[in-house]
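The structure appears below as structure tokens.
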Amino acid sequence: MGRITEETRKQKEEAIRAATDRLLRGELPPGGKCDLSTLAAEAGVTRTAFYPKKNRDGTTRPGPYQHLAEEFDRRLKLLQEAGIVVDPRTAQIQRLKDKNAKLETRLEEQNAELAELKEFKQLALSRIAAQHLEIERLRAERAADGKVAALAPIGPVSGTIGSCS
């Protein structure tokens with residue numbers, strides 16, 4: 015690619031600055047992000063113009079619009095530090111990360127509660143089994159002793175009960 019004229023350079027820089035202002039105001043194109051790729055597409059320049067170039071001798075020189083890319087990054091960082099979210103997807107990602115963290119905490123709490131309930135169930139079953147064994151032991155003792163008479167099972171009640179008749 016040949017050299018560009020000063021006039022063309024100024025036009026491209028103005029286009030980049032205008033695109034920078036639009037992106038940092040949150041006016042993102044459909045499918046675009048607040049990044050250098052979208053900035054390049056919006057300004058009509060190649061993305062590689064924002065990065066350093068190598069000379070034939072191996073040394074590096076700044077890209078033609080590298081200073082504007084650095085300005086874009088600096089302004090974006092200042093907005094982010096001020097708590098302003100330019101890209102709605104970034105806000106959505108953060109919101110989803112926060113929601114995920116809350117859900118993970120809730121899941122851990124429920125798992126802990128479930129473990130406690132399982133432990134309580136095991137303890138209750140053990141106590142019921144011990145009580146059943148004690149009842150069987152007492153029944154066997156009573157039957158062997160013969161001093162205690164067994165009560166007849168209670169059947170359905172018929173007639174009146176008490177003196178209210």
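The letter at position 125 of the sequence shown is residue 139 when you use the working numbering, and the numbering goes up by one with no holes. Every residue, glycine too, gets a C-beta built ideally from N, C-alpha and C. Here the structure is a predicted model, which is why all the values come from computation and not from measurement.
In this structure, what does DSSP give as the bridge partners for Arg75?
Lys67
For the putative contact between Ala83 and Glu56, defined by C-beta atoms under 8 Å, what is the C-beta separation to the nearest angstrom?
Not confirmed; about 13 Å, so no contact.
If we ignore side chains and look at the alpha-carbon of each, how far apart do Ala126 and Glu118 end up?
Distance between the alpha carbons of Ala126 and Glu118: 12 Å.
Less than 8 Å between the beta carbons of Tyr181 and Ile18, yes or no?
What is shown of the chain runs 15 to 179, which leaves residue 181 out entirely.
Between the Cα of Lys26 and the Cα atoms of Phe134, Thr104, Cys48 and Leu53, which residue gives the shortest distance?
The shortest C-alpha separation from Lys26 is found at Leu53.
Buried or exposed: Ala129, going by 16 or more other Cβ atoms within 10 Å of its Cβ?
exposed
Please report the residue range of the alpha helix (DSSP H) in which Pro102 lies.
Pro102 to Asp159
Cα-Cα separation, Lys135 to Ala143:
12 Å
For Lys67, which of Ala157, Leu137 and Pro76 has the nearest alpha-carbon?
Selected option, being the one with the closest Cα: Pro76.
Using DSSP with H/G/I as helix, E/B as strand and the rest coil, what is Asp49?
coil
Answer with buried or exposed for Ala138, where buried requires no fewer than 16 other C-beta atoms within 10 angstroms of its C-beta.
exposed
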